[in-house]
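4 protein chains.
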Amino acid sequence: MLPWSTEFAGVLEEHDLTSTVLRGNPLGDPHVRPIWVYLPPGYGDDPGRRYPVVYVLQGYTGHLGMWRNRTPFRQPFPELADAMFARGEAPPGIVVYVDAWTSLGGSQFVDSPGTGNYHSYLCDEVVPWVDERYRTLADRDHRAITGKSSGGYGAMITPMRRPELFGAFATHAGDALFDAAYRPEFPMVARLLLDEYGGSVTDFLADFRSRIPMSRESDGPLLEFYGYSAAYSADPDGTVRLPFDEFGATVPAAWERWLAHDPVVMAGQPHHADALRSMRAIWIDAGNRDQYYLDLGAQAFRRVIAAAGVADERVYFELFDGTHRAIEYRYPLALAWLLRRMAGD
Amino acid sequence: MLPWSTEFAGVLEEHDLTSTVLRGNPLGDPHVRPIWVYLPPGYGDDPGRRYPVVYVLQGYTGHLGMWRNRTPFRQPFPELADAMFARGEAPPGIVVYVDAWTSLGGSQFVDSPGTGNYHSYLCDEVVPWVDERYRTLADRDHRAITGKSSGGYGAMITPMRRPELFGAFATHAGDALFDAAYRPEFPMVARLLLDEYGGSVTDFLADFRSRIPMSRESDGPLLEFYGYSAAYSADPDGTVRLPFDEFGATVPAAWERWLAHDPVVMAGQPHHADALRSMRAIWIDAGNRDQYYLDLGAQAFRRVIAAAGVADERVYFELFDGTHRAIEYRYPLALAWLLRRMAGD
Amino acid sequence: MLPWSTEFAGVLEEHDLTSTVLRGNPLGDPHVRPIWVYLPPGYGDDPGRRYPVVYVLQGYTGHLGMWRNRTPFRQPFPELADAMFARGEAPPGIVVYVDAWTSLGGSQFVDSPGTGNYHSYLCDEVVPWVDERYRTLADRDHRAITGKSSGGYGAMITPMRRPELFGAFATHAGDALFDAAYRPEFPMVARLLLDEYGGSVTDFLADFRSRIPMSRESDGPLLEFYGYSAAYSADPDGTVRLPFDEFGATVPAAWERWLAHDPVVMAGQPHHADALRSMRAIWIDAGNRDQYYLDLGAQAFRRVIAAAGVADERVYFELFDGTHRAIEYRYPLALAWLLRRMAGD
Amino acid sequence: MLPWSTEFAGVLEEHDLTSTVLRGNPLGDPHVRPIWVYLPPGYGDDPGRRYPVVYVLQGYTGHLGMWRNRTPFRQPFPELADAMFARGEAPPGIVVYVDAWTSLGGSQFVDSPGTGNYHSYLCDEVVPWVDERYRTLADRDHRAITGKSSGGYGAMITPMRRPELFGAFATHAGDALFDAAYRPEFPMVARLLLDEYGGSVTDFLADFRSRIPMSRESDGPLLEFYGYSAAYSADPDGTVRLPFDEFGATVPAAWERWLAHDPVVMAGQPHHADALRSMRAIWIDAGNRDQYYLDLGAQAFRRVIAAAGVADERVYFELFDGTHRAIEYRYPLALAWLLRRMAGD
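Residue numbers (our numbering), protein chains in the order written: chain A, 406 to 750; chain B, 406 to 750; chain C, 406 to 750; chain D, 406 to 750.
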């Protein structure tokens, strides 16, 4: 009963997936991962029917358990998605909730010697695992991926890298145009590190792990930028390279490795442009007051995929009134749109 | 497995309680309410043993389902409390999670013609219900109440009104010294109402209920102050009286009804002072940078209970470094202390 | 030459006025005061012509020397006023720049045992001094007063108290509706005082006077509220009573003395209502985003003078787009309007 | 009399200097410029004595007339400097107040086809003009330069470029480490431009010039970054190139021209390092909470001049408690130190 809980029209199945590629990851994080598979209303009625699948990624610091978090007056996305299906607003589809959390807050859905092989986990383990166990339409034209913030980032880059797996995607305020989204924070983060830890990220990590986490205001930014660095600019031996020096100036060698992960940069490369042109549907949105300027990132990504030759009719683009927060009501809109597009509408 | 979930050492039992006093409440909110009862490790081992009980209240906009909410790097309070018992840091006790949510966000744990009889629900229905079903030490000396913010408010006023039921309490940043905590917001709220709804709270409510709730920045403050008014200054016929006029000036008639609910004012009244002196244990804390100046409220409440004759040795007082947010790690400290005090330590 | 300076079309005469009523003031501030008298273009041409006079008051912390302050891309008000006359946008008038600064930042233009007799200085010394030395139309129908912020406050209350002297006034974001403008700051100020000076305003003052003033963020608010208290709620022996206690709660005895100075309260009293009805012209404006909610004060004052029976055609009211800052471009508009109204336009 | 004004112990002489190099400047700004020359107490007593000279530059949007601006409870720098001399805290020196204002707010003290030849004006016109008219010690070992913010920037770069003219300098929170000081603002500025002017800086300028300037919140940042671009990255024909595109991403071609002006970059170049090593005294300070991260810039500049081989004993470095605002009380400290150092102390 609302607001406390709700009954699902479909079924949300919870599993643990024992990963091979995450075993022995550099952070010592679990290689057994929760995974949720949502089956839409009617899934059990016709044993011969197969369904498209949408994979859902989370933002930085998110883990699977947080999809249940309830906020005042609103429902969590899995409930909104279920209600959307119950109302018949989209063709039925399977929704897979993927966990790519790390003890630094996230993985950015890439393979990195700093965090682990989360791209491989998603593409080479999760997708086959789902296709084996559920009646999916197991081809790229019926497989989409979506997410918000870092999850939107993952939803942009994964199909660019693996167009044979994903044929559509949606990004809500996804990390893009790193020059505008990330770099402006460097001096702020550098000053925190300098003032509070003498510039030593090692000292920060030791302190962070020794006390109530997130009890200092600097915890969030320091962890976030260390975590991004672990994903984007770790050395082969796992050494994490920050993209700024002690005074906040860009360190070009590390920054270039970040930029190589920027969806706006990636989309300008021929093989990624090929992948993007092959997409059946691309949803891009962001709040016009996004605190991280991801509205600018969304516009830049929109521009670069146009330059890459993506046909306008395959793209949905919107800057809605809002910030980076409390925009989960956008997710079902994109979910329905992706499913309609994959159904050929 | 952390961070996704954890195994409890004790048992968390979930029930629905069908209330009589909430039936037909003015907001049309459910009168069947969830209630959780946590049984500590060992509860099942000795069928003859009885346990003290601590009732736990939530802050404004909180409802029972939100106790499961997970934040990055931390555990929800029910898990922290369980772990505290598992470590043996306090004598075992039963912990009851009470729901007093309303569709305005909360009830302030009072009986009001604007919201419903939540004080009666708590005292006359929940407490007996628990005592009937569990092996409680069913007397006021073994019954405590605790909460944060509006929950801390409820934890202060309920024992003052019903000392025969509660013999100890804890308040974390509880609403107190309304003059400092609430009144400074009046002009801000009044201007929002004036600018966005022409000063009409009816128009606000109609708008709020017609769209995605909490999607406008004014939603939070407007709903909060309307909700407080519904709790503190509704007329017998249910008409809600705001304590400020269209330009933000105090409306004395309504404001006096608010003040009559202020723990600092209440504690100065003889019968409440009697009640407070009868308490075996009172825990008061707040963050020294509390956004709502509830550190000042905590200090004012500490002063007034001293003036009421409460012995210092029964009081724990602390201003800790922190704000109003992310302070759930404080709750187990007070829970353990209350249980130790009720056990005679 | 702009932007550095400008040539006046009229003449700005600078004098020192030796006050009797300020001699021996409680703060030991100078009783010899600068005063500036601006004579419009043409003043020297016709020795028989007499002119209306507008007295100009400054906001809190302002002193006469600050009228010369230049900001990027704008001119100071005395230059704007001169240019306005030069363009012939208003009938020529004499403009008198009054200084009522104190070492606490200001006087609120009242007589107080905490600061000095600034109301008497203005009304009983400055006005006659000007009328003696210049060709004024020396009657209340040709004497107006204007100001911003605390200066707007002075411009509201002085004609209410001395309608035989002033027959018109203008207030730009003048202090009004103290409940909305001042009281919300009490907890913030109280916490600063408690955290930084153990609650002792004496310690604050000693510290403030011992070092670079205004080098701590708390200096501004602490000095401001101490200064207002010195103006509004000093005892006959000069003891300054703050209107809030150490935890930020209102102290009714002192607060009532503040309220007795609130233009909105004053305007509701019969003799002040009489005075207001006698005004030939009243200009009220404020920025719609005023940080101190003086837009709400302006609206409340507008409402109360209507209730007092002031005819609508004598009032100009506007909430313009803006904040409390950088609104000096509004002053010439009111100055011109007052002069036109006094001329019978 | 304070606070209104003060008597100087020395003499402040005001002149106009008719520039040749500023004639016909691209912004159409005046080529006749005010210049103030302060002569210390005793200057008139000994007609044979010659004095060291310190040139003083202003921050962005500053012009000469603003040195008179009075703030509550403090004195303007020219008065503080005079008082410092009167107290005998430094060997007497001549202080020259230079104006390099432009109608975009400033010139950054460089020669640019976007603004004019302000470097040449300072070095080739002002300095000789002063040496001709006053009893200066007319050599680089007795000529220093100082300033705050953009003025501190000018004080860093001018001696690097013209070590034959200046042998000492002081920078208070001078613009340095552009990567940390300027670049983080690009997305914010770009979004303002996009949201309010469709990305057209021409539209912004036309609008800005058509109404009350600085009456929109975006005016400051837009004008500032346009003005910096006019100084750092204008084409030979005067076309101003912004260093960011419509979405806030860095435009490398323009940004490299900015970086070529960064004191931290410049100091790493051999001829500038030579110049720096020749300095007799270098004062660097900044507030530790500088809003523009100029504390980081100060530290980076300190590090790079050490790397350039500047001897530690010639450098004074301090991060003081403060922000970017209200730090004019620092200026006399550096002024005195420079004069003592130039006197061989």
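Just so it is clear, CB atoms sit at the ideal spot from N, CA and C, and this is done for glycine as well. Computed from a predicted model, the values in this text were never measured in an experiment.
Buried or exposed by the 16-neighbour rule on C-beta atoms within 10 Å, applied to residue i
i      : result
M565/A : buried
Y634/A : The identity of residue 634/A in the sequence shown is Ser, whereas the question assumes Tyr. Looking at its Cβ environment, which holds 16 or more other Cβ atoms inside 10 Å, S634/A is buried.
G559/B : buried
D487/D : buried
E733/D : buried
E530/C : buried
M406/D : exposed
T437/D : According to the sequence displayed, residue 437/D carries Val and not Thr. Exposed: under 16 other Cβ atoms inside 10 Å.
H676/C : exposed
G498/A : buried
Other residues of its chain near residue i: CB distance less than 8 Å, five sequence neighbours each side excluded
i      : result
L693/A : Looking at the sequence shown, residue 693/A is not Leu but Asn. Result list for N693/A: D700, L724, F725, D726, G727, in chain order.
L597/D : S623, P626, L627
I562/D : F514, V515, H666, P668, M671
C-alpha distance - residue i paired with residue j, whole-angstrom precision
i      : j      : result
F574/B : T607/C : 38 Å
Y443/D : F490/D : 11 Å
L462/B : R719/B : 22 Å
P641/D : P431/D : 11 Å
L740/D : P737/C : 41 Å
A495/B : R745/B : 6 Å
D717/D : Y448/D : 33 Å
F722/B : P589/C : 26 Å
G415/D : V535/C : 35 Å
F630/B : I710/C : 29 Å
L570/C : M471/C : 27 Å
Y460/B : T576/B : 12 Å
F583/D : Y697/D : 10 Å
T425/A : G521/A : 11 Å
P648/C : Q704/C : 24 Å
G429/A : G519/A : 12 Å
L485/D : S525/C : 35 Å
Same chain, Cβ closer than 7 Å to residue i, neighbours up to 5 away in sequence not counted
i      : result
R682/C : A713, G714, V715
F613/B : D624, L628
D544/A : none
H468/A : D504, W506
E601/B : S623
Beta-carbon neighbours of residue i, restricted to chain E and to distances below 7 Å
i      : result
F652/C : Note that chain E does not occur in the displayed structure, where the protein chains are A, B, C and D.
Residues near residue i by beta carbon distance below 6 Å, same chain, minus five either side
i      : result
F413/B : D487
H547/D : P457, M747
G464/C : K553, S554, S555, G556
G579/B : G557, Y558, M561
A581/D : P668, V669, G702, F706
Continuous beta strand (DSSP E) assignments of at least 3 residues falling wholly in the stretch 420–506 of chain D: 437–444, 458–462, 499–502
Near-chain C residues of the stretch 662–674 of chain D (beta-carbon distance less than 9 Å), N- to C-terminal order: none
Beta strand (DSSP E) runs wholly inside the stretch 524–572 of chain C, at least 3 long, in chain order: 548–553
Short-range partners of chain B found in the stretch 463–483 of chain A, where Cβ spacing is below 9 Å: Y465, T466, G467, H468, L469, G470, M471, R473, N474, R475, T476, P477, F478, R479
Positions along the stretch 677–697 of chain C whose CB lies within less than 8 Å of some CB in chain D: none
Entirely enclosed alpha helix (DSSP H) segments - the stretch 686–724 of chain B, minimum 4 residues: 699–712
Cβ-based contacts, 9 Å cut-off: residues of the stretch 492–516 of chain D near chain C: D504, W506, S508, G510
Whole beta strand (DSSP E) elements within the stretch 624–655 of chain A, 3-residue minimum: none
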